């Protein structure tokens, strides 16, 4: 909801408010915090010092280079004469409909915004910020864009999507960092009057530094994310005057966008949320993603339980082996079979055939008829592709070597024996749409796993150097939008060597993403906990694999692997036909249990439990009316002596009485009755629930799943 009184604009959500004041040359950010009611227009105490002349350092929405503010600037423009100083003056501030954004994914669901326009008369530029409030999720959106209304070009060298200013410098900065197989590990560091940076340089949002960040101090937390999949940068900076600035947007590294007269440049949308704690911000961000990022038929549609053959066969499979796995999948109760890498070209290992998206008939016996046989078993059929890549040993590379991302006259950097295709080229974009469409049409696939297995190097191609990374993203989004329009019922799952491109941009086109290639139960707890800090569990692909684990070598009980994987969208990644009779029976029970509670487990309110790097951790998913919840607890550090483990849960209704049950096979067994307050506010003894057998049978961790039913 947006309210205007004179020169004040109040953007309100269910529990928070953002207050802006248009004043002489600028718009000031006066307030971001708990919801303002009553006489909020009496905002003089919130106003910054100064007379509006531009000589002070107020809390504004942006900070161009030039002037007396020497903190990190949000905007740097280079004029044709080489000057880099800009003087923007407020032109207008009004409530208006949102402007359609060209080429970039954005949130949806609110059409009204505060539109703030600045002009730079010497350069002939119009700078616009559109701020939107999402009442149901207590989040805000900022979409900035720059219009060149003059005759001369200007080069954008830096353009942050969001600038927030806070009084005080006793903040901590939290990032979610990692690498392949250990994505989104939470790290928190104090600012201490200095500067912290979170940035990606890989061409994608990356596993190293993901876009979501938190700025916190006791009693306050602000979460920031970008609707973008490319290089990003967030900076938190405190100064000696007792102020803290937070900037988020495209990474200015290797970025220079030439804006000609009559052109407009849209920066990626930034989203942010205020809360009293990290947990509160996480709840709001997850709601925002579910309600205003995920779209299409799969927004609230239950996700199928799938079986993927990759870790069961890798490249070595035959048609009959695939069908045996599919038969075992059907017997276990799975709903979708996914044929992974190795079905196309002459793909027997990772050295060839990417880009050759035609049937490897000697292996598949005919991919179309194989898909038909899988469907005849009563399963949906899904398939793996890596459309953005090309192998040098491929028919595509022989025909179009110029389509690969490489510098002429230089040997390219190779990762996993492959090169990236130049998606800045319209011809390459068309090829991707045509090849993916052909495979989906031929196989009638209900699901596509879209992989991306290397980072960008040798960035040279159709687009100019400083525009390359961003134009690649625009090309990718164009391809995905065209495929979504052509195949609205297909479930697309993003993947990037696991979770190396887990971001809001991809989620606008693909409602779930493979969280990590690491399926080790212990490691996955930390990975999924870090992911769920800002993304709902319905977006997290999570599979049960074999033990010992292929990535870590750790062993864990099948029940533990299931309990952890059920914290996301459940799947199995192994050769089910090669498992023992007892294992297959246990998996059948697991799938029955998961389907019984799938609605609350995929779309319920998610709460993280414990500490993913501590003694115990887990999750609790709760229905909107708090009448049903499913939780899992994992003991991560076993000790000798009495098993006096304790845990507490979250989100249950304090005064309600709940039937507490544990999972046994496909069903549940009641073990106690307790109030919500006892379960959430106390410390629940687990010694009567975990038994001695659990400790002996679980090598790495041991788990128990709970169901809470309101009586």
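Residue numbers (full-length UniProt numbering): 1 to 711.
Backbone N, C-alpha and C define an ideal beta-carbon position, used for all residues, glycine too.
Since the structure is predicted, the reported quantities are computational estimates derived from the model, not experimental observations.
Residue of the options minimising C-alpha distance to residue i
i: residue 157; options: 84, 136, 356; result: 84
i: residue 586; options: 525, 601, 660, 562; result: 562
i: residue 254; options: 233, 246, 549, 265; result: 233
i: residue 237; options: 256, 230, 216, 250; result: 216
i: residue 260; options: 431, 146, 367; result: 146
i: residue 186; options: 397, 470, 176; result: 176
i: residue 479; options: 659, 387, 454, 392; result: 387
i: residue 668; options: 704, 649, 638; result: 704
i: residue 169; options: 133, 532, 204, 218; result: 218
i: residue 469; options: 71, 241, 250; result: 250
i: residue 97; options: 75, 88, 63, 112; result: 112
i: residue 126; options: 133, 114, 140, 144; result: 144
i: residue 550; options: 533, 513, 313; result: 313
i: residue 624; options: 600, 132, 637, 555; result: 600
i: residue 12; options: 61, 24, 87, 114; result: 114
i: residue 780; options: 148, 459, 36; result: Limits of the chain in this structure are 1 at one end and 711 at the other, which puts residue 780 out of reach.
i: residue 138; options: 32, 210, 384; result: 32
i: residue 307; options: 132, 351, 544; result: 544
i: residue 458; options: 201, 224, 362; result: 201
i: residue 193; options: 81, 205, 214, 240; result: 240
i: residue 552; options: 558, 522, 532, 22; result: 522
i: residue 617; options: 675, 604, 702, 655; result: 702
i: residue 366; options: 128, 345, 613; result: 345
i: residue 583; options: 411, 611, 558, 263; result: 558
i: residue 677; options: 671, 665, 650; result: 650
i: residue 656; options: 626, 663, 508; result: 626
i: residue 395; options: 352, 262, 581, 133; result: 352
i: residue 571; options: 664, 485, 332; result: 332
i: residue 160; options: 410, 638, 248; result: 248
Per DSSP, cross-strand counterpart(s) of residue i
i: residue 140; result: 133, 272
i: residue 116; result: 93, 129
i: residue 246; result: 164, 236
i: residue 3; result: 10
i: residue 226; result: 270
i: residue 59; result: Residue 59 is not bridged to any residue.
i: residue 28; result: 21, 60
i: residue 658; result: 674, 710
i: residue 668; result: 663
i: residue 33; result: 17
i: residue 172; result: 190, 216
Contact check, residue i vs residue j, beta carbons under 8 Å
i: residue 706; j: residue 631; result: yes
i: residue 294; j: residue 100; result: no
i: residue 109; j: residue 291; result: yes
i: residue 519; j: residue 528; result: no
i: residue 309; j: residue 575; result: yes
i: residue 658; j: residue 709; result: yes
i: residue 165; j: residue 243; result: yes
i: residue 305; j: residue 328; result: no
i: residue 725; j: residue 339; result: Within the shown structure, residues of the chain are numbered from 1 to 711, placing residue 725 beyond reach of any answer.
i: residue 74; j: residue 62; result: yes
i: residue 415; j: residue 454; result: yes
i: residue 612; j: residue 525; result: yes
i: residue 535; j: residue 289; result: yes
i: residue 605; j: residue 622; result: yes
i: residue 257; j: residue 155; result: yes
i: residue 503; j: residue 229; result: yes
i: residue 203; j: residue 231; result: yes
Proximity test, residue i beta-carbon vs the ligand GDP heavy atom, cut-off 7 Å
i: residue 603; result: The ligand content of the structure shown is nil, which means the ligand GDP is not present either.
Whole alpha helix (DSSP H) elements within the stretch 598-628, 4-residue minimum
598-603
Taking one C-beta from the stretch 440-454 and one from the stretch 479-498 each time, how about it: are there three or more such pairs within less than 8 Å?
yes
Identify every run of the beta strand (DSSP E) within the stretch 289-324, keeping only runs that are complete inside it and at least 3 residues long; order them along the chain.
Here the runs fully enclosed are 306-308.
What are the complete alpha helix (DSSP H) segments, minimum 4 residues, inside the stretch 425-504?
426-443, 468-486
Are at least three pairs of beta-carbons, each pair with one atom in the stretch 92-111 and one in the stretch 4-13, less than 8 Å apart?
Short answer: they touch.
If contact is defined by three or more beta carbon pairs under 8 Å, each pair taking one atom from either stretch, is the stretch 423-435 in contact with the stretch 392-406?
yes
Give the list of continuous beta strand (DSSP E) stretches no shorter than 3 residues that lie fully inside the stretch 191-218.
For the beta strand (DSSP E) assignment, the uninterrupted runs of no fewer than 3 residues enclosed by the stretch 191-218 are, from N- to C-terminal side, 195-199, 213-217.
Do three or more CB pairs link the stretch 270-280 to the stretch 538-546 at distances below 8 Å?
No: fewer than three Cβ pairs fall under 8 Å.
List in chain order: all unbroken beta strand (DSSP E) runs of 3+ residues lying wholly within the stretch 554-591.
The stretch 554-591 contains these whole beta strand (DSSP E) runs: 569-573.
Which runs of the beta strand (DSSP E) spanning at least 3 residues fall entirely within the stretch 501-554, listed in chain order?
512-514, 540-544
Contact between the stretch 671-685 and the stretch 644-652 (3+ Cβ pairs under 8 Å):
yes
Going residue by residue through the stretch 338-395, where are the continuous beta strand (DSSP E) segments of at least 3 residues, counting only ones entirely within it?
For the stretch 338-395, whole beta strand (DSSP E) runs of length 3 or above, ordered along the chain, are 380-385.
At a cut of 8 Å, does the stretch 413-421 reach the stretch 366-384 through at least three beta carbon pairs?
Not touching, per the Cβ criterion.
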